[in-house]
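Chemist: In the UniProt record's numbering, the protein residues as written are 1 to 420.
(1) Let me check you understand the geometry: is the CB of residue 388 closer than 7 Å to at least one non-hydrogen atom of the ligand PLP?
(2) Take residue 108 and list the residues in its own chain whose beta-carbon comes closer than 6 Å to its own, dropping the five residues that flank it on each side.
(3) Have a look at residue 354 and residue 24 and give me their C-alpha separation to the nearest angstrom.
(4) If you scan the stretch 66-154 from start to end, which runs of the alpha helix (DSSP H) of 4 or more residues do you find wholly inside it?
(5) Would you mind stating whether residue 435 and residue 172 have Cβ atoms separated by less than 8 Å?
(6) Pull up the CB-CB distance for residue 151 and residue 105, whole angstroms please, since I reckon it's below 8 Å.
(7) Considering only residues of the stretch 355-394, which uninterrupted beta strand (DSSP E) runs meet the minimum length of 3 residues and lie entirely inside it, listed in chain order?
(8) If residue 155 sits next to residue 132, beta carbons under 8 Å apart, how far is it from one beta carbon to the other, in whole angstroms?
(9) If I follow the unbroken alpha helix (DSSP H) through residue 264, where does it start and stop?
(10) Could you tell me how far apart the beta carbons of residue 18 and residue 229 are, in whole angstroms, since I believe they sit closer than 8 Å?
(11) Near residue 50, which residues of its chain fall below 6 Å by C-beta distance, leaving aside the five closest residues on each side in sequence?
(12) Quick one: residues in its chain with C-beta nearer than 7 Å to the C-beta of residue 420, no 5 flanking neighbours on either side, listed in chain order?
(13) Give the secondary structure of residue 347 by DSSP, where H, G and I count as helix, E and B as strand, and everything else as coil.
(14) Mind the definition here: the stretch 388-396 touches the stretch 154-168 only if three or more C-beta pairs lie below 8 Å; say whether that holds.
(15) Locate the alpha helix (DSSP H) running through residue 54, then write down its first and last residues.
(16) Using only alpha-carbon positions, find the residue among 325, 346, 212 that is nearest to residue 266.
(17) How many angstroms separate the CA atom of residue 183 from the CA atom of residue 260?
(18) Could you check if residue 383 is buried or exposed, using at least 16 other CB atoms within 10 Å of its CB as the buried criterion?
(19) Grab me the residues of residue 66's own chain with a C-beta within less than 6 Å of its C-beta, minus the 5 sequence neighbours each way, in chain order.
(20) Hey, how far is the Cα of residue 57 from the Cα of residue 87?
(21) With DSSP as the reference, please indicate the residues paired to residue 199 in a beta bridge.
(22) For residue 258, does the three-state DSSP call read helix, strand or coil?
(23) Looking at the structure shown, is residue 298 part of a helix, part of a strand, or coil, going by DSSP?
(24) Determine the burial state of residue 43: buried for a count of at least 16 other Cβ atoms within 10 Å of its Cβ, exposed for fewer.
(25) Name the DSSP beta bridge partners of residue 186, please?
(26) Looking only at its chain, what residues have a beta carbon closer than 6 Å to the beta carbon of residue 352, apart from the 5 residues adjacent to it on each side?
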């Protein structure tokens, strides 16, 4: 498309958001036509691969030309002077940031006013609620989120879209409001794994999609026969629910029909220590990242965040350093999880999305250990729980094997689609 056609497409995107988002609440700020013109010119100037693609950015990233509230009333009307590094990376890749997607308060647990497009009476998850919902509703083809515990994988599961948490620190966090700097990881949402891989490749400058062989039209059977999928159904952090077990069985059956190789994998005992280390690392760092907000504006915080920060301040320096030591050992040992398989497969969330009345964005228990280890993780949509709501499968790859994660996720996604 030429510039005029691209701008017309962006205008239609804004019109579509204006018409449909009132019932979803995926966006908290949008560019006007003038701002969109400026953004498009800046995006096209570099000739990036995205070619003017509309992108939503979670309202936890600084944007100089859109308000940035970090999901908190404390920062209503806040206008940063500079764009976050991730926003700059999107622009260099040729993407156009059309607006800011909703975030839970400071990317923690207090729900955003966003509905799940797959089922309006249920949560889209958190904290990247708006980004997952915007893609699920077809408002934008690509959106940016963050994950400190499970805030990319879980919303992607609940909303039935592809969600990718790359290896730790691959995508830039400068200009991101931190919650836990050792854990905060930038991630992406798209309708399919292939679209996600191409967007991630353009923004990260990594040849992930090319290495994964995506977009070639190859079948799941021909792509997946050489891959070894390790299915995990027992976890040191909790039992699987009937919905999680059903989704795992759907994945097994689909891959078996596609000719993939599967093994059962038992997680080692040290994974329990990693899981609990996440709590100490996140708590100690969050207490410092939000120290001023808690010290001087505690009454403006939600009760759930205020209570969390109060307890987080009790995490001792010794407990934090011990947790960091456990993290280091876990990251050095993580490769052994893949001795007999190429990737692991687990449920993306403990269950289907909770109802909005539960005032919860769900549990990150199936994600936080992998976040702490810094491993690439991908939600693959296509499964369902016992109530018929979306239930994703999480593909986990060895350290820095992001292309492998995407390739395996594409195989699983195609297999699930073929099995329906």
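Yeah, the Cβ is synthetic: ideal placement off N, Cα and C, and Gly gets one too.
For clarity, every value in this text was computed on a predicted model and none was experimentally measured.
Modeler: A quick look at the data gives this:
(1) Looking at this structure, you won't find the ligand PLP or any other ligand, since it has none at all.
(2) These residues qualify, in order along the chain: 305.
(3) Whole-angstrom Cα-Cα distance: 16 Å.
(4) The stretch 66-154 contains these whole alpha helix (DSSP H) runs: 85-92, 129-136.
(5) As shown, the chain starts at 1 and ends at 420. That puts residue 435 outside it, with no answer to give.
(6) That pair is no contact at about 12 Å.
(7) Listed in chain order, they are 377-380.
(8) Correct: roughly 4 Å between the Cβ atoms.
(9) For residue 264, there is no enclosing alpha helix (DSSP H); the enclosing beta strand (DSSP E) covers residues 261-264.
(10) Actually they do not touch by this definition, with Cβ atoms about 43 Å apart.
(11) Non-local beta-carbon contacts of residue 50 in its own chain, meaning distances under 6 Å to residues more than five positions away in sequence, involve 93, 94, 95, 202 in chain order.
(12) Once the five neighbours on either side are set aside, residue 420 has no close Cβ partner at all.
(13) Strand, per DSSP.
(14) Yes, the stretch 388-396 touches the stretch 154-168.
(15) Looking at the DSSP string, residue 54 is not in any alpha helix (DSSP H); the run it does join, the beta strand (DSSP E), is 54-58.
(16) Nearest option by C-alpha distance: 346.
(17) The straight-line gap from Cα to Cα measures roughly 33 Å.
(18) By the 16-neighbour rule on beta-carbons within 10 angstroms, residue 383 is buried.
(19) Closer than 6 Å at Cβ, skipping near neighbours: 29, 100.
(20) Between the alpha carbons of residue 57 and residue 87 lies a distance of about 8 Å.
(21) BP columns for residue 199 are empty, so no partner.
(22) Residue state, collapsed to three classes: helix.
(23) Here residue 298 sits in helix by DSSP.
(24) When all chains shown are included, residue 43 counts as buried.
(25) Residue 186 pairs with 146.
(26) Answer for residue 352: 243, 385, 387, 389, 391, listed in chain order.
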